[in-house]
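Note sheet for the following structure.
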Amino acid sequence: MTAKFTPLFLALAFALAMLNPAIAAESPDKRTIAVTGTGIAKARPDTASISIGVVSDGKTARAALDQNTAAMGQVSAALKKQQVEQRDIQTTDFSVRPKFQHFKNGKPPAIIGYRVVNSVRIMVRDLKNLGAILDQAVSVGSNQINGISFSVAEPAALENMARKAAMADARQKADLYAAAAGASLHKVLTITEAFVTGPPRPRFARPALESKSASVPIAPGEYKVQARVNVTWELKD
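Numbering (our numbering), first residue to last: 958 to 1194.
Structure below.
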């Protein structure tokens, strides 16, 4: 019977031998260090997104709509003249709402007219044209500017630069702490990406757009991407 079970015993012994290193690797005596690294990558923006629209009031919904449609038609023509492609224009808001007059004597509110709002968000792929686009849009009838944001057309490369910088920052910190503890870094055990973020969207004040003789001055500034990673190293003496 001993000879019959020998292959089974050999297989079991081999499995245990292969398992031993894994058990040792997870030994609670192993010393580790965990740090967080942050990296920032910067670039000059090359695209912009801007929301523009027309708000029109009229005694009737039809009158307000006709006035708004005419003004938006002029805005669309101006955008086309400034070489904004149709694919870069998207309607983001359209509404027709009554306007009310409120009374203090408890009398029910009365409709005194209607308001039509039509807004579009446009993508400007050449920032040299942004000032002229805004100036023309306002000149032909746009009276609502909600906000502007700058970005880069290809953010992936910038995000990867930020990731590399974050990893380098984590390594520098870990080397410093390990040396202070009389040890050195061995191998990386875990890498966790905490986040990769772009810059906040700045607001664009409407009064700054009231230009009659020159294109609106635009300052895109810098586009920044920040990455953060959590890295754990094994330490060695």
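For glycine and all other residues, C-beta sits at the position ideal for the given N, C-alpha and C.
Everything numeric in this text was worked out from a predicted model, so none of it was measured.
{"query": "Supposed contact pair Ala1140 and Asp1194 - C-beta distance, whole angstroms, cut 8 Å", "result": "6 Å"}
{"query": "Three-state secondary structure (DSSP) of Val1097", "result": "helix"}
{"query": "Own chain residues within Cβ distance below 6 Å of Ile1069, not counting five before or after", "result": "Lys1056, Gln1058"}
{"query": "Stretch-stretch touch, CB-based, cutoff 8 Å, three pairs: the region 1107-1116 with the region 1045-1053", "result": "no"}
{"query": "DSSP state of Gly1030 mapped onto helix, strand, coil", "result": "helix"}
{"query": "Sequence-distant residues of the same chain with beta carbon closer than 8 Å to Ala1021, five excluded per side", "result": "Ser1013, Asp1014, Gly1015, Val1053, Gly1070, Tyr1071, Arg1072, Val1073"}
{"query": "Sequence-distant residues of its chain with Cβ nearer than 7 Å to Ile980 (five each side left out)", "result": "Note that Ile980 scores 33 on pLDDT, short of 50, meaning its location in the model is unreliable; the coordinates nonetheless yield the value given after this. Correct list: empty, nothing qualifies."}
{"query": "Glu1150 - partner residues in DSSP beta bridges", "result": "Val1186"}
{"query": "Identity of the residue in Ala1184, Gly1104, Ala1113, Thr1147 nearest Ser1006 by Cα", "result": "Gly1104"}
{"query": "Alpha carbon of Ser1168 to alpha carbon of Gly996, nearest angstrom", "result": "Confidence in Ser1168 is poor, its pLDDT being 42 and thus under 50, which makes the residue's placement unreliable; the coordinate value appears in the next sentence. The alpha-carbon atoms of Ser1168 and Gly996 are separated by roughly 40 Å."}
{"query": "Segment limits, beta strand (DSSP E) that includes Asp1014", "result": "1004-1015"}
{"query": "Proximity below 8 Å, CB of Met1041 to CB of Val1081", "result": "The sequence as given places Val at residue 1041; Met does not occur at that position. Result yes, Cβ atoms of Val1041 and Val1081 sit closer than 8 Å."}
{"query": "Presumed contact (8 Å Cβ cut-off) between Thr993 and Ala1127, rounded CB distance", "result": "7 Å"}
{"query": "Sub-8 Å separation of Ala1184 and Val1145 beta-carbons", "result": "no"}
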